[in-house]
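Quick notes on the structure that follows.
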Amino acid sequence: MVNDLEGLFSTNAKRMKKSVIRELLKLTRRPEIISFAGGLPDPNAFPIDEVSEIVDVVLKREGKTALQYSPTEGDPKLKDELIAYHERENGVKLTPDNIVVTVASQQALDLVGKCFIDPGSPVIVGRPTYIGGLSAFNNYGANMIGVPLDEGGMRMDLLEVELRKLRDAGQRPKFIYVIPDFQNPAGLTMGEERRLELIELARKYDVLIVEDSPYRELRYAGESVKTIYALEGTGQVVGLHTFSKILFPGMRLGWVIGDEAVIQKLVVAKQATDLCTPAFTQAIVAEFMSRGLLGKVIENVKGIYSDKRAVMLDALDEHMPKMPGLAWTKPEGGLFLWVTLPESMNADELFYDAIEHNVAFVIGSAFDCTGLQTNTMRLNFSFPTKEEIGEGVKRLASVIEEYAKKNGGRKDIVATP
Ligand SMILES: Cc1ncc(COP(=O)(O)O)c(C=O)c1O
C-alpha cells in the first residue's frame, strides 16, 4: 500500500461522507427488529413472472443488441414509451432530445451535481430533504442552503428571503431542489399554487428547478397536482423520474427530462461515468411498458401501500402517547410519514432506545442539511407487513413514553392523558 493514502485522495473524495442511513441500517438488521427505517418497496409486488417471460422474449428477439453497448442517451424504444407516458400521465410533450435514461435517480442526482456544482456553489434544498440528494450535492462541494417546509412543502416566503440574500451578495444559486409529491422524508405534497409561486420565484431570480419525482404515481388520497415541469413549460425545470418505486429498484432504471441543452450536458457527463445505462434492462422495461403492464403494477402497488398507510395512521392514533408537540404527517401518497417530537426530545438518542426495544426508524437529523433538527423521525410503511406495522408502532409509542418519563422534569414532554 502507498504511504499517505489520504494525501492522494481528491478534495471531492475527502468531502464524501458515509451515508448515515446506511450506517444506521446496519444496526437494524437483527431479525427481531421491526424496521420502519428503510425505504424499500414491498417485494411481494414485484411482477416476477411477467419479467421472467419478457427476459426470454427480449433475449430471443433482440439478444444481440440487448447484450451490446447502447447509446448514452438511452434506448430509443424505451424513450418512445417514456414520451407516450409523459404525454398521457402528465400532459407533457417531449422529444427524444428531452430525455436521458439513467441508472435510476441517484445517478441523475449525481450527474446534476457534476454538471452544475462548483465547490462553494449555493444550492437550495428543503429542510428536511432526501439524504441521497444532500450526499450527491455535498460530494461536489455545494454550499447547501436549507429552506424549511410547512404542511404545503418548501416555504416560498423563506425561499425568497434566501434568494434575495444571495442576490444581494452577488451570488446566483445553481438550482432549487424539490420533491413536490409525497416528499422523502416528510411525506408532504406541494399544491398547485405553491408550485406556481416556486416557478415565479425561479424565473424572477433566474434559477433552475430540479424536480425529483420518484413517488408521484403513488397517490392514495386527494387530487393529483400537475408536475412543476408541466406547469413551467419553458425548460427551466429538470425532472427526475425512476422506476424504483413504481416497478422495482433492482434494474436501477430512471430518466431525466429537461431542455435539450441540459440533457446534452448530462449525457456528456454520463459518458465518462458509465458509457451507457444497460441496454438489457432498458429493453426489458420497454417491452414491459409496451405490453401495458406498468399501469397494472402501479395500481396493485397503490392498493398495497394505501392499506399499509392506513394501518400505520390508525396505529399511531391508537398507541402514541398524547403529549403537546408530538405530531405526524398524513401523507396522501408515497412511502413515508414524518413524526415530530416535542422540541426538547432528541430522536438521535431515542433511536438507540428504540433499537433496544426492537423497533427502528431513521433519525430526522440525517435529512437536515444543518443536522440541527433532532426532534424528528421518518417512518416507512411500504416494506413492513401490516402486522409488523401495528406491533412496531406500539413498541415505538412505548419507547417515546418511557423517554418522556425518564426526562420527566421537562414539562413539554410529559405525557398527558
Ligand atoms: C427523493 C428521492 N430521489 C431519488 C431517490 C433515488 O432512487 P433511485 O436511485 O432508486 O431511483 C430516492 C430513493 O429513495 C428518493 O427518495
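The sequence shown begins at 85 in the working numbering and counts up by one.
Glycine residues also receive a C-beta, built at the ideal position from the N, C-alpha and C atoms.
Fair warning: this is a prediction, and the values are worked out from it, not measured in the lab.
query                                                                                                                                                    : result
What residue range is occupied by the uninterrupted alpha helix (DSSP H) comprising Y389?                                                                : L377 to H403
Rounding to the nearest angstrom, what Cα-Cα distance links A499 and G409 in this structure?                                                             : Annotation note: pLDDT 43 at A499 (below 50); position unreliable, coordinate value reported separately. Those two C-alpha atoms are separated by around 10 Å.
Kindly indicate which residue of N128, V346 and S103 has the alpha-carbon position closest to the one of T318.                                           : V346
Between the Cα of F364 and the Cα atoms of G387, E244, G306 and G334, which residue gives the shortest distance?                                         : G334
Hey, how far is the Cα of I260 from the Cα of Q267?                                                                                                      : 15 Å
For a test of the three-state rule: what should DSSP assign to R251, helix, strand or coil?                                                              : helix
Could you tell me the alpha carbon to alpha carbon distance between K470 and A399, rounded to whole angstroms?                                           : 10 Å
Within 8 Å of any Cβ in chain C, is that where the Cβ of I208 sits?                                                                                      : Chain labels in this structure do not include chain C; a single protein chain is all it has.
Contact defined as beta carbons within less than 8 Å: I believe F465 pairs with L419. What is the distance between those atoms, to the nearest angstrom? : 7 Å
On a Cα-Cα basis, can you pick out the residue from N182, V207, P180 and D181 that is closest to L193?                                                   : V207
Sorry if obvious, but does the Cβ on G123 come closer than 7 Å to a heavy atom of ligand 1?                                                              : yes
Using the beta-carbon of each residue, find all residues closer than 5 Å to any heavy atom of ligand 1 and list them in chain order.                     : G123, A188, S189, Q190, Y214, I263, N268, D296, P298, T326, S328, P333 and G338
Classify A305 as helix, strand or coil using the three-state DSSP reduction.                                                                             : coil
State the DSSP-derived secondary structure class of R503, mapped to helix, strand or coil.                                                               : The requested residue 503 is not part of the displayed model; the chain covers only 85 to 501.
Is L218 helix, strand or coil when you go by DSSP?                                                                                                       : helix
Rounded to whole angstroms, what's the CA-CA distance from D343 to G323? Just pull it up for me.                                                         : 10 Å
Do you know how far the Cα of E402 is from the Cα of I484?                                                                                               : 14 Å
Would Q457 be called buried (16 or more neighbouring beta carbons within 10 Å of its own) or exposed?                                                    : buried
Which stretch, first to last residue, makes up the beta strand (DSSP E) that contains V346?                                                              : Run containing V346: none in the beta strand (DSSP E); it sits in the alpha helix (DSSP H), E344 to D358.
So P257 is in the alpha helix (DSSP H); what residue range does that whole segment cover?                                                                : That residue, P257, is in no alpha helix (DSSP H); it is neither H nor E in DSSP.
CA-CA distance, G91 and M85?                                                                                                                             : 13 Å
Tell me the DSSP secondary structure of R113 in three-state form.                                                                                        : coil
Does the distance between the C-beta of L250 and the nearest non-hydrogen atom of ligand 3 fall short of 7 Å?                                            : Judged by which ligands are present, ligand 3 is missing from the structure shown, whose ligands are ligand 1.
In its own chain, which residues sit with a C-beta less than 8 Å from the C-beta of L108, not counting the 5 before and 5 after it?                      : A121, F435, A444, V446, I447 and A450
Tell me the rounded alpha-carbon separation between V352 and A129.                                                                                       : 36 Å
H325 by DSSP, collapsed to three states: which one?                                                                                                      : strand
Near K495, what residues of its chain come up, given a Cβ to Cβ distance below 7 Å and the 5 sequence neighbours on each side ignored?                   : Residue confidence is low: K495 scores 46 on pLDDT, short of 50, so the model does not pin down where it sits. No coordinate-derived value is stated.
From what residue to what residue does the alpha helix (DSSP H) around D432 run?                                                                         : A431 to E440
Do I215 and S103 have their CB atoms nearer than 8 Å?                                                                                                    : yes
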